[in-house]
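K.L.:
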Amino acid sequence: MDQAVSGFSKLSKEDKINWIAQTYFSEPEKAVKLIKGYWNSDPALQKLHDEFIENTITNFYLPLGIAPNFVINGKNYTVPMAIEESSVVAAAAKSAKFWATRGGFKTTIIDTEKIGQVHFIFHGSADKIQSFFNQNKADLIASTDSITQNMRARGGGIRSIELRNLTHQLNGYFQLHVTFETKDSMGANFINSCLEQLAQTLKTKAAEHSDFNAEEKAVEVVMSILSNYVPNCLVRAEVSCAVSDLVEKKIENPQAFAEKFVQAVRIAEIEPYRAVTHNKGIMNGIDSVVLATGNDFRAIEAGVHAYASRNGQYSSLSYAEIKDGIFRFWMDVPLALGTVGGLTSLHPMVKFALSVLEQPSARDLMQIVATVGLAQNFAALRSLTTTGIQEGHMKMHLNNILNQFQANDAERQQVKEYFKNQVVSHAGVVTFLENLRK
Ligand code: MEV
Numbered sequence: 001m002d003q004a005v006s007g008f009s010k011l012s013k014e015d016k017i018n019w020i021a022q023t024y025f026s027e028p029e030k031a032v033k034l035i036k037g038y039w040n041s042d043p044a045l046q047k048l049h050d051e052f053i054e055n056t057i058t059n060f061y062l063p064l065g066i067a068p069n070f071v072i073n074g075k076n077y078t079v080p081m082a083i084e085e086s087s088v089v090a091a092a093a094k095s096a097k098f099w100a101t102r103g104g105f106k107t108t109i110i111d112t113e114k115i116g117q118v119h120f121i122f123h124g125s126a127d128k129i130q131s132f133f134n135q136n137k138a139d140l141i142a143s144t145d146s147i148t149q150n151m152r153a154r155g156g157g158i159r160s161i162e163l164r165n166l167t168h169q170l171n172g173y174f175q176l177h178v179t180f181e182t183k184d185s186m187g188a189n190f191i192n193s194c195l196e197q198l199a200q201t202l203k204t205k206a207a208e209h210s211d212f213n214a215e216e217k218a219v220e221v222v223m224s225i226l227s228n229y230v231p232n233c234l235v236r237a238e239v240s241c242a243v244s245d246l247v248e249k250k251i252e253n254p255q256a257f258a259e260k261f262v263q264a265v266r267i268a269e270i271e272p273y274r275a276v277t278h279n280k281g282i283m284n285g286i287d288s289v290v291l292a293t294g295n296d297f298r299a300i301e302a303g304v305h306a307y308a309s310r311n312g313q314y315s316s317l318s319y320a321e322i323k324d325g326i327f328r329f330w331m332d333v334p335l336a337l338g339t340v341g342g343l344t345s346l347h348p349m350v351k352f353a354l355s356v357l358e359q360p361s362a363r364d365l366m367q368i369v370a371t372v373g374l375a376q377n378f379a380a381l382r383s384l385t386t387t388g389i390q391e392g393h394m395k396m397h398l399n400n401i402l403n404q405f406q407a408n409d410a411e412r413q414q415v416k417e418y419f420k421n422q423v424v425s426h427a428g429v430v431t432f433l434e435n436l437r438k
């Protein structure tokens, strides 16, 4: 069948499903059954999900897991995490428990500044545009008053606006670089609305400006958009304890453990190949809470990795040291998050997740998310520098293998019993199952 389709978005949901099923599946009825099997049984709830995006045909599940016992600044949190990777929630929960008895996690908000830019082209003298900007700065800000009114009442709004000259990099390229405080909202819509108004005012005022010649009056706005790079929307998460207190079942020699751990972090600081995987482990924790709380994980990912490259080379987000017998492990991470607006009041599971977190402010959520990222990194490094990652990972992955081979209850029991004291490998489980089935 021809795979090109026109007017797909105008088809009814039923017709979209039929088109997909008939175009891509040899047994279309089975495909339709599968798609509909993932619909919510409550039509109103399904409609809500359908309307989040265009061309929705069904839902795509991710497990929502719970990592309890996170002690952050002395308060206990139970953290919801949406993620498909088998060992992540278990690792978070393990780290949370480990640190709960060693003083817990400490977090600090360093700043909450958001950024947006109006990118424009001005072919004229830099001095003239600077003096135009100085004269019109107050009017530029005032032109956003109706947009910023509610945000200002909540203590937010435009923090600063500055003209940046980047003509040395691109002919005629200037910016209005604007910083914002958006309180409990992530602020994307608010920031973009302000920027588009600023761009409009810039054009109008330039066209009227008597010191500009005809070419200078014709300021060309290229685009107005927030930046997902928010190096000043920053939170610090850390843990520390006496090296001797690190002792537990798998850490018999805490001094050797701490030294090896610090070395592993140093490797991620200097070696980009390792840094990417090291930070990926941190993002396992960060993304899963970001997703569960209805925040934009793509924005977070982009911003975090830019921050990890801020010194010119991609590097570790976390740091570790041993000083005067104290082991300290910490991370600063940029997180522009919201607990109001967006999906937060729409998606029932997001509302649920925010309730489990006891209705956090955006600042609270920054601290929780950073903590889970650090906890995840601790768990990964602890495994990597002691038993190796596969032991825990494969234990959690065992269920996936059993599901893949449609093992029945009796087989599952025997496999789990056998692998209790064995390293789990895909091939090992398959061979064991094959022998059982002979
Ligand atoms: C796997 O999802 C994450 C790790 O590779 C992170 C790391 O290596 O630090 C275990």
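Going left to right, the sequence shown walks through residues 1 to 438 as the working numbering numbers them.
Glycine is no exception: its CB is placed at the ideal position from the N, C-alpha and C atoms.
On a predicted model such as this, the values are computed, not experimentally measured, just so you know.
(1) Quick one: give me the first and last residue of the alpha helix (DSSP H) that Phe352 is part of.
(2) Give me whichever residues DSSP pairs with Lys106 in a beta bridge.
(3) Applying the 10 Å Cβ sphere with the 16-neighbour rule, what's the burial state of Phe52?
(4) Within 10 Å of its beta-carbon, does Thr101 have 16 or more other beta-carbons around it, so buried, or fewer, so exposed?
(5) With respect to the alpha helix (DSSP H) encompassing Ala320, which residues constitute its N-terminal and C-terminal limits?
(6) Would you kindly report the start and end of the unbroken alpha helix (DSSP H) that includes Trp19?
(7) On the premise that Asn232 lies in contact with Gln376, defined as a C-beta separation below 8 Å, what is that separation, rounded to the nearest angstrom?
(8) In the structure shown, what three-state DSSP assignment does Pro43 receive?
(9) Using DSSP's beta-bridge definition, name the partner residues of Lys114.
(10) Between which two residues does the beta strand (DSSP E) containing Asn59 stretch?
(11) Distance, Cα to Cα, Ser9 vs Glu54?
(12) DSSP three-state call for Gly156: helix, strand or coil?
(13) Look at the Cβ atom of Lys106, then the Cβ atom of Ser309, and state whether they are nearer than 9 Å.
(14) Helix, strand or coil for Val230? Go by DSSP, reduced to three states.
(15) Inspect the CB distances between the stretch 147-155 and the stretch 80-91 and report whether three or more fall short of 8 Å.
(16) Should the stretch 356-364 be regarded as contacting the stretch 182-191, the criterion being three or more beta carbon pairs within less than 8 Å?
(17) Is the CB-CB distance between Gly341 and Phe212 below 9 Å?
(18) Indicate whether at least one CB of chain B lies closer than 9 Å to the CB of Leu246.
(19) Could you check if Arg382 is buried or exposed, using at least 16 other CB atoms within 10 Å of its CB as the buried criterion?
(20) For Tyr418, report the span of its beta strand (DSSP E) as first-last.
(21) Please state whether the Cβ-Cβ distance between Leu335 and Gly303 is less than 9 Å.
P.N.:
Checking against the coordinates, here is how it stands:
(1) 348-356
(2) Glu238
(3) exposed
(4) exposed
(5) No alpha helix (DSSP H) holds Ala320; the beta strand (DSSP E) holding it covers 318-323.
(6) 13-24
(7) Rounded, the Cβ-Cβ distance is 24 Å, inconsistent with contact.
(8) helix
(9) Phe180
(10) Here Asn59 belongs to no beta strand (DSSP E), and DSSP marks it neither H nor E.
(11) 7 Å
(12) coil
(13) no
(14) coil
(15) no
(16) yes
(17) no
(18) Judged by its chain identifiers, the structure shown contains no chain B, having just a single protein chain.
(19) buried
(20) Segment 409-419 is the alpha helix (DSSP H) holding Tyr418; no beta strand (DSSP E) there.
(21) yes
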